[in-house]
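Undergrad: From first to last, the protein sequence lines stand for chains A and B.
When we follow this note's numbering, the leftmost residue of the first sequence carries the number 172, and every step to the right adds one.
When we follow this note's numbering, the leftmost residue of the second sequence carries the number 172, and every step to the right adds one.
Cβ atoms here follow ideal geometry from the backbone N, Cα and C, with glycine treated the same way.
Quick one: the structure is below, and I'll ask about it shortly.
Protein chains: 2
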Amino acid sequence: MLYRFSVLHYLTDSLYQRQLVQKIYMHEIHVRKGEIIQHTGDLNSKVYRVEKGLLRSYTIDEKGREHIFMFGPEGWIVADNTPAEVPVDLYIDALEDSTVLVLDKDLSRENPKAQPLLRRIAVLQKRVILLMSASALDRYEHFEETYPDIMQRVPQKMIASYLGITPEALSKVKNNRVREQ
Amino acid sequence: MLYRFSVLHYLTDSLYQRQLVQKIYMHEIHVRKGEIIQHTGDLNSKVYRVEKGLLRSYTIDEKGREHIFMFGPEGWIVADNTPAEVPVDLYIDALEDSTVLVLDKDLSRENPKAQPLLRRIAVLQKRVILLMSASALDRYEHFEETYPDIMQRVPQKMIASYLGITPEALSKVKNNRVREQ
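Written out as structure tokens, the structure reads:
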């Protein structure tokens with residue numbers, strides 16, 4: 172329900188713009204059950220609006236396990252929120268035969284005022300994926316990248332809490348890394 | 172780094188608006204280490220930009236365990252992304268003595284074009300909090316609310332994957348609920 176809004180309304184200001192966008196960027200596709208329409212590693216993720224059927228987005232971890240990021244029934248938008256220049260994290264496939272409106276370009280990415288919100292979305296998507304699928308080591312390394320300046324300022328048990336692991340798992344990760352270096 | 176942008180630039184279009192906003196809505200506060208500036212359940216969450224020091228946002232689960240949602244060192248924005256009319260999920264406190272710019276009102280909430288992005292952010296924040304802190308039952312009930320129409324259309328193992336629990340835990344939750352009803 173939360174994603175139910177018109178793609179066009181969201182991306183454009185005026186009726187004129189909407190008609191223009193509709194002409195240039197949008198087309199409808201029919202996807203068969205099981206078909207993959209986006210692969211992890213793709214660039215320039217598209218925006219998909221489900222007209223009929225059911226999509227899902229998911230990631231596969233190092234051990235080959237699937238983790239479902241979201242489902243997209245009728246009316247929902249399915250898209251990868253990774254920044255445009257970065258390969259996407261998510262696969263998108265169809266769980267049922269589906270009719271999908273494809274927007275070739277996420278126009279909100281060209282709106283400077285949307286950037287901070289898009290960055291937040293990207294950070295949160297990454298956070299969800301890491302919490303679902305990443306090893307303690309991957310989570311820790313992503314933490315270091317995100318917060319290079321606060322490693323010394325925060326108690327270990329708080330870092331563990333942020334990562335969703337036990338303090339024991341955290342000190343194991345850190346010890347292993349020291350030994351490897 | 173990802174959150175480093177000017178609050179004012181993000182919320183306003185023109186220099187005039189910025190000056191206006193600065194006068195009406197912004198003020199600086201000094202927060203002592205350990206001080207809580209937002210409680211879970213508060214309405215009308217503010218937006219905090221850390222000038223100096225370190226904030227964190229976190230949630231406390233039913234068993235009294237803390238789960239850290241994010242850290243906010245210098246230059247970061249800390250805010251709860253729950254919709255305006257809903258009580259916030261997050262506590263915000265200071266891990267160091269901090270100087271913080273407070274924006275009394277998240278003006279992007281009044282911009283209709285920002286609504287779909289804000290909804291996405293709210294959904295993802297909820298997802299992170301549930302993944303970190305909620306019981307299998309809470310996750311399942313939230314799933315039912317979010318996707319009332321697809322319960323019968325998706326295999327159980329996919330629902331478990333979305334919830335971040337094992338299929339066994341999922342069928343235990345469902346059996347317990349049937350018994351209680």
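Can you list, in chain order, the stretches of the beta strand (DSSP E) that have 3 or more residues and sit fully within the stretch 202–237 of chain A?
TA: Listed in chain order, the complete beta strand (DSSP E) runs (minimum 3 residues) inside the stretch 202–237 of chain A are 207–209, 218–223, 226–231.
Undergrad: Less than 8 Å separating the beta-carbons of B:E315 and B:M322?
TA: Contact flag set, yes.
Undergrad: Given that A:S269 touches chain B, what residues does it touch there, using C-beta distances under 7 Å?
TA: Ordered by position in chain B, no residue passes the 7 Å Cβ test against A:S269, which lies about 12 Å from the chain.
Undergrad: Mind checking if B:S279 is an interface residue toward chain A, Cβ cutoff 8 Å exclusive?
TA: Cβ-Cβ to chain A under 8 Å: yes for B:S279.
Undergrad: Going by DSSP in three states, A:I321 sits in which element: helix, strand or coil?
TA: Looking at A:I321 - three-state DSSP - the assignment turns out to be coil, as it is neither helix nor strand.
Undergrad: Give a yes or no on contact between the stretch 261–269 of chain B and the stretch 197–212 of chain B, applying the rule of three or more CB pairs nearer than 8 Å.
TA: With a cut-off of 8 Å, the stretch 197–212 of chain B and the stretch 261–269 of chain B count as touching, because enough Cβ pairs lie within range.
Undergrad: Using a Cβ distance threshold of 8 Å, determine whether the stretch 206–218 of chain A contacts the stretch 244–263 of chain A, with at least three qualifying pairs required.
TA: Yes, the stretch 206–218 of chain A touches the stretch 244–263 of chain A.
Undergrad: Which residue wins for smallest C-alpha separation from B:R227, given the options A:R324, A:A255, A:L272, A:R227?
TA: Of the candidates A:R324, A:A255, A:L272, A:R227, the one whose C-alpha sits nearest the C-alpha of B:R227 is A:R324.
Undergrad: Under 8 Å Cβ to Cβ from A:T230, same chain only, skipping five residues before and after it: list those, please.
TA: So the list reads T211, E237, H238, F240, D260, L261, Y262, I300, M303, S304, once near-sequence residues are dropped.
Undergrad: For B:Y196 and B:L272, what's the separation of their Cα atoms in angstroms?
TA: Taking the straight line joining both Cα atoms gives about 10 Å.
Undergrad: Mind checking the stretch 284–310 of chain B against chain A and listing, in chain order, the residues whose C-beta falls within less than 8 Å of any C-beta there?
TA: Answer in chain order: K284, A285, Q286, P287, L288, L289, R290, R291, I292, A293, V294, L295, Q296, R298, V299, L302, M303.
Undergrad: Check whether the stretch 326–334 of chain B touches the stretch 332–347 of chain A, taking contact to mean three or more Cβ pairs, one atom from each stretch, closer than 8 Å.
TA: Result no; under three Cβ-Cβ pairs closer than 8 Å.
Undergrad: In terms of residue numbering, what span does the beta strand (DSSP E) encompassing B:A250 cover?
TA: Counting along the chain, the beta strand (DSSP E) containing B:A250 begins and ends at 248–250.
Undergrad: Whole angstroms are fine: how far does the CA of A:K345 sit from the CA of B:V294?
TA: Spanning the two alpha carbons is a distance of roughly 32 Å.
Undergrad: Distance, Cα to Cα, A:R298 vs A:R310?
TA: Taking the straight line joining both Cα atoms gives about 9 Å.
Undergrad: Look up B:E339 in the DSSP assignment and say whether it is helix, strand or coil.
TA: Residue state, collapsed to three classes: helix.
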